[in-house]
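In UniProt numbering, the protein residues as written are 1 to 261.
The structure appears right after this line, and notes come after that.
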């Protein structure tokens with residue numbers, strides 16, 4: 001069972017692990033999920049395979065960057081709201097620092113054909129494959145669930161659209177409710193206790209929609225560039241499904257002027 005731990009040392013551990021992952025997790029959002037699985041599920045055992053798979057499915061269903069949301073979710077599970085914030089900062093800030101350094105270095109060096117980047121991508125593929133094999137062995141123990149997983153993979157490969165992922169998750173959830181609900185009750189599962197109250201949940205969802213409505217209105221009535229940038233990123237994160245790749249594509253389509261297009 002996972003319980004809430006709110007000591008200063010526990011928060012430092014959450015921040016330290018997330019920061020270390022932020023500096024060492026190469027390969028993009030899918031690879032991040034593999035690194036998270038290896039660290040949080042296999043090594044630290046902060047949650048089990050099924051809880052992790054449920055969290056990943058939920059974050060894939062939500063708008064915004066799925067891998068970052070998974071990291072935040074694990075931080076919340078381990079240390080409440082502050083744990084989620086620390087997990088987000090720890091995992092994100094290293095990328096911010098490295099991007100700034102790369103931007104400064106681009107004036108003197110070229111990284112487009114850097115061999116070390118290609119090597120890191122190869123390592124990321126191995127990490128993702130290892131995570132998939134490990135989760136697959138636990139989550140698809142019988143032929144029927146293996147068949148569902150294979151059909152989901154084939155569907156994603158054939159129909160590579162934003163909504164395909166959401167539809168697959170919804171259909172798979174419906175199949176699970178109809179055919180596997182009783183079977184899941186018999187299997188041992190981990191219990192996750194959250195200290196988040198309904199009041200906090202209502203405040204967060206209200207703030208989400210409030211910013212979604214107010215930011216465009218305030219942006220139109222002002223000429224603040226920083227506000228326009230914040231509004232653009234917020235709407236991209238709030239309205240685009242399909243993970244970080246789709247967020248990037250959507251943001252570029254709306255902001256080609258930044259690149260001279």
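For every residue, glycine included, the Cβ atom is placed at its ideal position computed from N, Cα and C.
In this text, all values refer to a predicted model and were calculated from it rather than measured experimentally.
query: Along the chain, where does the alpha helix (DSSP H) that runs through residue 220 open and close?; result: 198-220
query: So does the stretch 82-95 actually touch the stretch 14-24, counting three or more Cβ pairs closer than 8 Å?; result: yes
query: Sorted by chain position, which residues of the same chain lie with C-beta nearer than 8 Å to residue 234's C-beta, five sequence neighbours on each side aside?; result: 211, 212 and 215
query: For the stretch 23-34 against the stretch 67-81, are there 3 or more C-beta pairs whose distance is under 8 Å?; result: yes
query: I need the boundaries of the alpha helix (DSSP H) containing residue 35, first residue and last residue.; result: 29-36
query: Can you say whether residue 7 is buried or exposed, counting buried as having 16 or more other CB atoms within 10 angstroms of its CB?; result: exposed
query: Give the range of the alpha helix (DSSP H) segment to which residue 52 is assigned.; result: 49-61
query: So what's residue 226 in DSSP terms, helix, strand or just coil?; result: helix
query: State the DSSP-derived secondary structure class of residue 64, mapped to helix, strand or coil.; result: coil
query: With distance defined between alpha-carbon atoms, name the residue in 25, 56 and 108 nearest to residue 122.; result: 25
query: Would you say residue 71 and residue 36 are within 8 Å of each other, going by their C-beta atoms?; result: yes
query: Leaving out five residues before and five after residue 14 in sequence, what residues of the same chain have Cβ atoms less than 6 Å from its Cβ?; result: 75, 78, 79, 83, 86 and 87
query: How would you write the range of the alpha helix (DSSP H) that residue 153 sits in, first residue to last?; result: 143-158
query: Taking DSSP as the reference, what is the three-state secondary structure of residue 194?; result: coil
query: What are the boundary residues of the alpha helix (DSSP H) that residue 40 is part of?; result: Run containing residue 40: none; DSSP gives neither H nor E here.
query: For my contact list, residue 47 and residue 41 are in at a C-beta cut-off of 8 Å; report their separation, rounded to the angstrom.; result: 6 Å
query: Could you pull the start and end residues of the alpha helix (DSSP H) that residue 21 belongs to?; result: 8-24
query: Using the Cβ count rule (16 or more neighbours within 10 Å means buried), how would you classify residue 73?; result: buried
query: With DSSP collapsed to three states, give me the class of residue 118.; result: helix
query: Roughly how many angstroms separate the alpha carbons of residue 140 and residue 154, rounded to a whole number?; result: 16 Å
query: Let me know the secondary structure DSSP gives residue 179 once reduced to three states.; result: helix
query: What separation, rounded to the nearest whole angstrom, lies between the Cα atoms of residue 158 and residue 205?; result: 35 Å
query: Which residues in the same chain as residue 231 place their Cβ atom closer than 7 Å to its Cβ, once the five residues preceding and following it in sequence are excluded?; result: 215, 216 and 219
query: Under 8 Å, do residue 60 and residue 169 count as touching if we go by C-beta distance?; result: yes
query: With distances taken from CA atoms, which of 49, 194, 180 and 207 is nearest residue 148?; result: 180
query: Using 8 Å as the threshold, is the C-beta distance between residue 201 and residue 172 below it?; result: no
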